[in-house]
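Everything below concerns the one structure shown next.
Numbering (this note's numbering), first residue to last: 174 to 436.
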C-alpha cells in the first residue's frame, strides 16, 4: 500500500502560521466512514477497479488531504462518499447512517442534509448576488427564507465577503467566487464537506487563502472535510494526508498541523 510522499521537513517548512495552532481532537466523532469499499466498472471483456477495498474515517473538525496521480481513484472516492455512486461492496456511513440501507430518495435527503460539496469551478448563477447564491441553495433544501438570509449574511462574514454580498459573479475575482462557493456548501450545516481541487483555477496567493479558509471553517463548523488536491504545497494545512494509487488508499498520516494522531 502506498505511503505519503511528504517528509516531516517538507511539512514543517510549508505549514502556514495561521493554521498551525489549531487544536485537532485525537478521536473526533466519526462523521464520514468508508469500510472495505470496492467500486468496479465494466471495461471491455473485463472490469476496471476504481476503488479497491478502501477504508477511511474522518472525524468532525478534521481535514484530510487526498493526493495521487490522475486516474488513481480520487474522484471515484468523492463520488462514493457523496452517495452519488453505489459501490459493489463495503459500507459508506455519513453521520452514522449507512447509505446502502437507504432508498434512493433517502440517499438524496442524506446528501442534501449532511453533505456539502465544493467543485473546481464555483458554478455560481450569473444573475444572482453572492448573498442570493446562498439563500437559493438553502431554499432548495426547504429552509425558511428568513433564517436562510441571516445564515447567508453570517457565512459571508466568515469568509470575508460581507462587502461583496451584493456583487454578482462577474464582479468577483476567482478567489472571491471560490469563497462564495465554500459559504454555499456550508449553508445547510453539513456533517461532511467534500472538496474537489479547490485551487485548480487560482494563483498561489488565492490558493493559499482558500485552503487556509477551508481548514479554519472545518474546525469552527466541526465538519469532516476531504480535500482532493494536486497542489502538494498546501497539503500540510490539512490535519492528515492520504495517497491514492490504482484504486488503493494509504493510511492517513498526520501532518505537523494536527497536534494528535489521526482517527
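Just so you know, even glycine gets a beta-carbon here, dropped at the ideal spot from N, CA and C.
Checklist entry - Is residue 403 helix, strand or coil when you go by DSSP? => result Counted from its first residue, the chain shown places residue 403 at position 230. In this structure, residue 403 counts as coil in the three-state DSSP scheme.
Item to check | Buried or exposed (CB count within 10 angstroms, at least 16 for buried), residue 364 | outcome: Position 191 of the chain shown, counted from the start, is the residue given in the question as residue 364. Buried, since its Cβ has 16 or more Cβ neighbours within 10 Å.
Checklist entry - How long is the line joining the alpha carbons of residue 197 and residue 257, rounded to whole angstroms? => result Indexing the chain shown from 1 puts residue 197 at position 24. Indexing the chain shown from 1 puts residue 257 at position 84. Note that residue 197 scores a pLDDT of 49, beneath 50, so its modelled location is shaky and nothing firm can be said.
Checklist entry - Would the beta-carbon of residue 211 fall within 8 angstroms of that of residue 263? => result Locating residue 211 in the chain shown gives position 38, where the first residue counts as 1. Locating residue 263 in the chain shown gives position 90, where the first residue counts as 1. Yes.
Item to check | N-terminal and C-terminal residue of the beta strand (DSSP E) that residue 225 is part of | outcome: For the purposes of this step, residue 225 is taken as residue 52 along the chain shown, with counting starting at 1. 219-232 is the extent of the beta strand (DSSP E) around residue 225.
Checklist entry - Between which two residues does the alpha helix (DSSP H) containing residue 394 stretch? => result Locating residue 394 in the chain shown gives position 221, counting from the first residue. It spans 377-394 - the alpha helix (DSSP H) in which residue 394 sits, taken as one unbroken run.
Item to check | residue 206 classed as buried or exposed, judged by whether at least 16 other C-beta atoms fall within 10 angstroms | outcome: Counting from one through the chain shown, the residue named residue 206 turns up at place 33. Buried: at least 16 other Cβ atoms inside 10 Å.
Checklist entry - How close, in whole Å, do the beta carbons of residue 301 and residue 355 come, if the pair is a contact with beta carbons under 8 angstroms? => result Taking the chain shown and counting its residues from 1, the one referred to as residue 301 is at position 128. Taking the chain shown and counting its residues from 1, the one referred to as residue 355 is at position 182. That belief does not hold up - the Cβ atoms of residue 301 and residue 355 are roughly 16 angstroms apart, past 8 angstroms.
Checklist entry - Per DSSP, what kind of secondary structure is residue 212 in: helix, strand or coil? => result Counted from its first residue, the chain shown places residue 212 at position 39. If DSSP states are grouped into helix, strand and coil, residue 212 belongs with the strands.
Checklist entry - Is it true that the segment 316-336 meets the segment 275-292, where meeting means three or more beta-carbon pairs spaced less than 8 angstroms apart? => result no
Checklist entry - Using the beta-carbon count (16 or more within 10 Å), is residue 313 buried or exposed? => result Position 140 of the chain shown, counted from the start, is the residue given in the question as residue 313. When all chains shown are included, residue 313 counts as exposed.
Item to check | residue 364, DSSP secondary structure in three states | outcome: Within the chain shown, the letter at position 191 stands for residue 364. Here residue 364 sits in coil by DSSP.
Next on the checklist: Looking at the strands, I want to know which residues DSSP matches up with residue 264.
Outcome noted: Here residue 264 is taken as the residue at index 91 of the chain shown, counted from 1. DSSP, once it has assigned bridges, lists 208 as partnering residue 264.
Item to check | Closest by C-alpha distance to residue 347, when choosing among 288, 379, 248 | outcome: As a working mapping, residue 347 is identified with position 174 in the chain shown. Ranking the options by Cα distance to residue 347, first place goes to 379.
Next on the checklist: Three or more C-beta pairs under 8 angstroms: does that hold for the segment 287-297 against the segment 229-236?
Outcome noted: no
Next on the checklist: Runs of 4 residues minimum, wholly inside the segment 241-297: which ones carry the alpha helix (DSSP H) assignment?
Outcome noted: 247-254, 277-287
Item to check | Inter-residue Cα distance where the pair is residue 342 and residue 305 | outcome: Taking the first residue of the chain shown as position 1, residue 342 is located at position 169. Taking the first residue of the chain shown as position 1, residue 305 is located at position 132. Rounded to whole angstroms, residue 342 to residue 305 spans 11 angstroms at the Cα level.
Checklist entry - Near residue 415, which residues of its chain fall below 8 angstroms by C-beta distance, leaving aside the five closest residues on each side in sequence? => result As a working mapping, residue 415 is identified with position 242 in the chain shown. Once the five neighbours on either side are set aside, the close Cβ partners of residue 415 are 177, 229, 237, 238, 239, 240, 422, 423, 424, 425, 426.
Checklist entry - Got a sec, what are the start and stop residues for the beta strand (DSSP E) residue 415 sits in? => result Start at 1 with the first residue of the chain shown, and residue 415 comes out as number 242. Unbroken beta strand (DSSP E) run through residue 415: 413-418.
Item to check | Whole alpha helix (DSSP H) elements within the segment 309-361, 4-residue minimum | outcome: 318-331, 347-359
Checklist entry - So which of 407, 404, 381, 388 has the shortest CA-CA distance to residue 398? => result On the chain shown, residue 398 is found 225 positions in, with the first residue counted as 1. Per the Cα distances, 388.
Next on the checklist: Taking its Cβ as the centre, do 16 or more other Cβ atoms sit within 10 Å of residue 420, making it buried, or is it exposed?
Outcome noted: Residue 420 sits at position 247 when you count from the first residue of the chain shown. With 16 or more Cβ atoms within 10 Å of its Cβ, residue 420 is classed as buried.
Checklist entry - If you run the structure through DSSP and keep just helix, strand and coil, what is residue 307? => result As a position in the chain shown, residue 307 is number 134, starting the count at 1. DSSP places residue 307 in helix when its eight states are reduced to three.
Item to check | Coil, strand or helix - residue 140 by DSSP | outcome: What is shown of the chain runs 174 to 436, which leaves residue 140 out entirely.
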